[in-house]
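Enquirer: As numbered in mature numbering (1 follows the signal peptide of the UniProt record, and there is no 0), residues -19 to -1, 1 to 677 make up the sequence shown, in order.
Quick one: structure below, then a few questions.
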Amino acid sequence: MSLIFILTITFVCSPFVSATDERYQNCSAKFDCGNITNIGYPFWRSDRPDYCGHPKFWLNCTDEAALITIQNLTYQVLEIDSDAHILKIAREDYIGDICPDLLINTTLDSFFNYASDVQNITLCYGCPMLSIPFPGVIGFSNQFTCTLNNTEQRGFYVTREVDLGNFNSTIIGLLNLCENRVIVPATQSAIAPVERSPTEDNLVTALEQGFGLQWDVNNAVCETCNLSKGMCGYNTTTSSFVCYCADQPEQFSCRGSTANQPESSGGKSNKVGLGVGIGIAGAAAIGIGLGCWFVLIIQRRKRIAAQTQTKDLPTPPSSKGQAAPIINFSQATPSHPSSKSDLEKGSAYFGTQVFSYEELVEATDNFNPSKELGGGGFGTVYYGVLNDGRGVAVKRLFENNMRRAEQFMNEIEILTRLRHKNLVALYGCTSKRSRELILVYEYVPNGTVADHLHGNRSKSGLLSWPVRLSIAIETADALAYLHASDVIHRDVKTNNILLDNNFRVKVADFGLSRLFPNDVTHVSTAPQGTPGYVDPEYYQCYQLTDKSDVYSFGVVLIELISSLQAVDTNRSKLDINLANMAVNKIQNHAVTELVDPCLRFEKDSAVRKMATSVAELAFRCLQQEKDMRPTMREVLEALKRIEKENCGSEKAEIVDIKEDDVGLLNHDPPFSPDSIGTTDKWVSSSTTTNTTNTSF
C-alpha cells in the first residue's frame, strides 16, 4: 500500500509540476566578456556551458577585451549586435603596429561573411625602394619601414584597386618584387582619412577601428526558437543546433512546451496545482489503492503473454506509408541482410556496398573535426579518403534511435534505386548492426549554390546568368525525375544543390524524402523542412504533395535571380521571407528591384528578358494553393523554352558580342533531360560533399 500511495502521488501531481530543464536555465542568462556586455548564443566563454554556444564562437575574456579566434588568427571583439548578427572585430596583431611578428592573410570560415562596407588594405613587406614619387594617386601610400626577424624592411600599402594609368605596370612590378603581401580588412569610412593623408599613424588608426562580419549559425532556426520562448544552443553529442525549452530540448522550437505558456499564470497554476494535487492524492490513495493493485497485476500478465508470442517476430521497415519502428539494429528482417558476417564482408545492402565502421573511422581520421564539411537535421558530414583512394563524403547520422534508423533505411532504399546525372550518388553505408549508422556519398568539390549566391564564395562572381539558368534547369530535371519515380524530396533548397567543378548540379540530402504511394494524392505528415522554403499549404494542412517541392523550387528560382537568402531578419519586416517579398515585387511590376545588379539586368536585353520570364515562372510556383502551381515537369519545360529562345536571339545579335562576353557564350549547354526514367549504366561524372570549401 505504501508503493501504491507513492505511485498515486506521482501520478496525480505530475500534470501540475514541471521541472525546468537545467540547460534551459543555464543558457537563459546573458554574460559579459571584457568590455562587451549582454552576450548570448552563439557565443560562450570558458565558465559557461559549451552547449550554450557554437564551438567556433568561443570567446577568450580578459579584463580589457574579448578575443575570438577565426582560422588561427586572434581578433579583438569591438562590438556584437545580436539582432543584426553583426560582429565587429580588429586583428590583434595589427593593433598599435603595422609590423606584426607573423605575416598572415585574413581568412574566414563558412560561418562569416564580410559586411557591405568592408574594404581590403594590402600591405607589402620586403619591397625595393621607390625610385619615383606617386603624387595624387589615390590608394597608394608613402613607404614605411619594419623590423622583421631582426631585419629592417621597406614596405608600402594599397587601399584599393584603382586604375593607375601609366604607373600601373611599375606598381605591379613593385608588388611582385616584394617578399610578402598581407590583406587586412577595414571599413570604408576608416580608410577615407588614410587616402586623404597617407601616414603610418592614420593607417594604424584605420586598422584599429576594425571591420564588420555577419555571422550565420542557424540564424533563421534560432529566430524560430527564440519566438517560441526557447533558448538557442548546441548539441555537443550530435554537433547540431538545438532549441532548449523550459521542459525539454527540441529540434527547432518549443511547440507545445511550457516555454509557450505565460510565465505569470504558469507559475501560479503550478503552485496551486501542487497543493491541490497533494491533497487529492492523500485523500484518494487508500480508496483507489486496491483497484490500482488489481489493474497492475492484470496488465503485467497481459504484457508477459504478448512478449512471449511476439519476441521472435521481425519488424521490417516499410518504404511506403508509415515506416515501421526499428529500435534493435541487430534484429533480422526478411527484406534486409541478417548475417553480420555477410554484411561486413562487402556484400550488398539494397544493392549498395557495405562499409565497416573501422574503415570509415580510418578514412575520416577518427571523424576529425577539421574534416567536418557541414551538417543537417539528421547528421554531420565529414570528408574522407577510402582505401582505394576515392574522396568521399561520410554522413554520420545522429543517435541510433527509432527515428534515425527509419531515416537510415529510407535514405538507402531511395538512393540506391535512383540513377540520374544530377542526383548525388550513394556509394554505400554501414550495416544496421554497426556501432553507428553511416552513409557514404560521392564527393562534390565546388560547394553549394547557396555558397556561391550569398555564402563564402559569393564574391567569386562565377555565377553568371547562363550558369544560373543552367543550374535551374538541371535542378528541375532532377526533381522532375524524382517525381516521376514517386519520390518527394521535401527539403529543396540552395544548400542542398551541390556543384561540381564544371558547375554541374548534384541534388543532395534525401534525408527528408518520402516514397509517394501510387494510390493517394498526398501524404499526411508533420511539416518538416527549412524555414523559408516550406510550402504554406503543407504547413497548414500537413499534406505533403509533389507540389510542395514545386513551391520550394520557386524560392530557389528567386534566389538565383536575386542572390538573396530565403530568410533574412536584417531585411524589413515584410521582406524577411524572400518568397513573400518576391511575390509582392512581381505583382507590382518591380522585378528590377529583385534582380541581382551584377547580372546586368538593366544593360543586357537578353538577360532582362530571361530573368523576367524566370521570375514569372517562380511566381506561379509560389502560389499559396497547390492546385495553382505547375508540375515539376511543366517547370522544366518552361525553363528549357526560356533558354532556347535566348539561344536564338544570341545568334541573331552575334555581331554585337563584346570580347568580355565570349566566356559566357562558351558555357556548355545543360545536360538533356533524356535520362529521366533511365536507371541503368549510370556512372557519376566526378568523385564528390559539403564544407567550408566543399559540399556533398
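Note that the Cβ used here is the ideal one computed from N, Cα and C, for glycine as well.
Bear in mind the structure is a predicted one, so any value in this text is a computation, not a measurement.
1) My assumption, with CB atoms under 8 Å, is that residue 26 sits in contact with residue 12. Please give the rounded CB distance.
2) Out of 540, 365, 21, 545, which has the shortest C-alpha to C-alpha gap to residue 213?
3) Note down the Cα distance separating residue 222 from residue 339, rounded to an integer number of angstroms.
4) Under the rule that 16 or more other beta-carbon atoms within 10 Å means buried, what is residue 390, buried or exposed?
5) Tell me which residues share the same chain as residue 83 and place their Cβ nearer than 8 Å to its Cβ, disregarding the 5 neighbours each side in the sequence.
6) Identify the continuous beta strand (DSSP E) that holds residue 195 and give its terminal residues.
7) Look up residue 201 in the DSSP assignment and say whether it is helix, strand or coil.
8) Mind checking whether residue 348 and residue 363 have CB atoms under 8 Å apart?
9) Can you give the Cα-Cα distance for residue 609 and residue 171, rounded to whole angstroms?
10) Check whether the Cβ atoms of residue 99 and residue 166 sit closer than 8 Å, and answer yes or no.
11) Express the C-alpha separation of residue 28 and residue 7 in angstroms, rounding to a whole number.
12) Applying the criterion that 16 or more other CB atoms from any shown protein chain within 10 Å of the CB defines a buried residue, is residue 568 buried or exposed?
13) Once DSSP output is grouped into helix, strand and coil, what is the label at residue 576?
14) Go ahead and label residue 535 buried or exposed: buried means 16 or more other beta carbons lie within 10 angstroms of its beta carbon, across all protein chains shown.
15) Does the structure place the region 581 to 600 close enough to the region 440 to 452 that three or more beta carbon pairs sit under 8 Å?
16) For a quick check, are the C-beta atoms of residue 514 and residue 474 less than 8 Å apart?
17) Using DSSP with H/G/I as helix, E/B as strand and the rest coil, what is residue 24?
18) Please go through the same chain and pick out, in chain order, the residues whose beta-carbon is closer than 6 Å to the beta-carbon of residue 546, but skip the five residues on each side of it.
19) So residue 14 packs on residue 47, CB below 8 Å; how close in whole Å?
20) Using the beta-carbon count (16 or more within 10 Å), is residue 570 buried or exposed?
21) Please determine, among 577, 198, 415, 624, the residue with the shortest C-alpha to C-alpha distance to residue 355.
22) State the Cα-Cα distance for the pair residue 44 and residue 17, rounded to the nearest angstrom.
23) Give a single yes or no on whether residue 19 has its beta carbon closer than 7 Å to a heavy atom of the ligand SAM.
24) Does DSSP put residue 611 in a helix, in a strand, or in coil?
25) Suppose the cutoff is 7 Å on Cβ atoms and the five residues either side in sequence are ignored; what does the same chain contact list for residue 234 look like?
26) Spatial neighbours of residue 377 within its chain, please: CB distance less than 6 Å, with the 5 preceding and 5 following residues excluded, ordered by chain position.
27) Residue 595 bridges to which residues according to DSSP?
28) So, under 8 Å CB-CB, residue 617 and residue 461 are touching, yes? Tell me the CB distance rounded to an integer number of Å.
29) Can you give me the Cβ contacts of residue 80 inside the same chain, cut-off strictly under 6 Å, excluding the 5 residues immediately before and after it?
Expert: If we stick to the structure as given:
1) Mapped onto the sequence shown, residue 26 falls at position 45. Mapped onto the sequence shown, residue 12 falls at position 31. 6 Å between Cβ atoms; contact.
2) Counting from 1 along the sequence shown, the entry for residue 213 is found at position 232. For the residues 540, 365, 21, 545, the minimum Cα distance to residue 213 belongs to 21.
3) Residue mapping note: residue 222 aligns to position 241 of the sequence shown, counting from 1. Residue mapping note: residue 339 aligns to position 358 of the sequence shown, counting from 1. Their Cα atoms are separated by approximately 27 Å.
4) Taking the first residue of the sequence shown as position 1, residue 390 is located at position 409. Buried is the call here.
5) Indexing the sequence shown from 1 puts residue 83 at position 102. 74.
6) Indexing the sequence shown from 1 puts residue 195 at position 214. 192 to 196 is the span of the beta strand (DSSP E), which, as asked, contains residue 195.
7) The residue labelled residue 201 in the question sits at position 220 within the sequence shown. Helix.
8) Here residue 348 corresponds to residue number 367 of the sequence shown, with the count starting at 1. Here residue 363 corresponds to residue number 382 of the sequence shown, with the count starting at 1. Contact flag set, yes.
9) Against the sequence shown, residue 609 aligns to sequence position 628. Against the sequence shown, residue 171 aligns to sequence position 190. Roughly 52 Å between the two C-alpha positions.
10) In the sequence shown, residue 99 corresponds to position 118, counting from 1. In the sequence shown, residue 166 corresponds to position 185, counting from 1. Yes, they are a contact pair.
11) By 1-based counting over the sequence shown, the position of residue 7 is 26. By 1-based counting over the sequence shown, the position of residue 28 is 47. The straight-line gap from Cα to Cα measures roughly 11 Å.
12) On the sequence shown, position 587 is the one that residue 568 refers to. Label assigned to residue 568: exposed.
13) The residue given as residue 576 occupies position 595 in the sequence shown. DSSP places residue 576 in coil when its eight states are reduced to three.
14) Looking up residue 535 in the sequence shown gives position 554. Burial call: buried.
15) yes
16) What you label residue 514 is simply residue 533 of the sequence shown in a count that begins at 1. What you label residue 474 is simply residue 493 of the sequence shown in a count that begins at 1. Cβ atoms of residue 514 and residue 474: closer than 8 Å.
17) As a first step, residue 24 must be located in the sequence shown, where it is residue number 43. It is coil, neither helix nor strand.
18) Translated into the one-based positions of the sequence shown, residue 546 becomes position 565. Taken in chain order, the residues that qualify are 435.
19) Taking the first residue of the sequence shown as 1, we reach residue 14 at position 33. Taking the first residue of the sequence shown as 1, we reach residue 47 at position 66. About 4 Å separates the two Cβ atoms, so the contact holds.
20) Residue mapping note: residue 570 aligns to position 589 of the sequence shown, counting from 1. The residue is exposed, with fewer than 16 neighbouring Cβ atoms inside 10 Å.
21) Here residue 355 is taken as the residue at index 374 of the sequence shown, counted from 1. Measuring from the Cα of residue 355, the nearest candidate turns out to be 198.
22) Indexing the sequence shown from 1 puts residue 44 at position 63. Indexing the sequence shown from 1 puts residue 17 at position 36. Their backbone Cα atoms lie some 11 Å apart in a straight line.
23) In the structure shown, the ligand SAM is absent, as is every other ligand, since no ligand is present at all.
24) The residue you call residue 611 lines up with position 630 of the sequence shown. If DSSP states are grouped into helix, strand and coil, residue 611 belongs with coil.
25) As a position in the sequence shown, residue 234 is number 253, starting the count at 1. So the list reads 205, 206, 209, 211, 224, once near-sequence residues are dropped.
26) Here residue 377 corresponds to residue number 396 of the sequence shown, with the count starting at 1. Excluding residues within five positions, the ones whose Cβ falls inside 6 Å are 360, 361, 419.
27) On the sequence shown, position 614 is the one that residue 595 refers to. Paired residue(s): none; residue 595 is not in a bridge.
28) Residue numbering aside, residue 617 sits at position 636 when the sequence shown is read from its first letter. Residue numbering aside, residue 461 sits at position 480 when the sequence shown is read from its first letter. With a Cβ gap of about 5 Å, residue 617 and residue 461 count as contacting.
29) Working through the sequence shown from its first residue, we reach residue 80 at position 99. So the list reads 127, once near-sequence residues are dropped.
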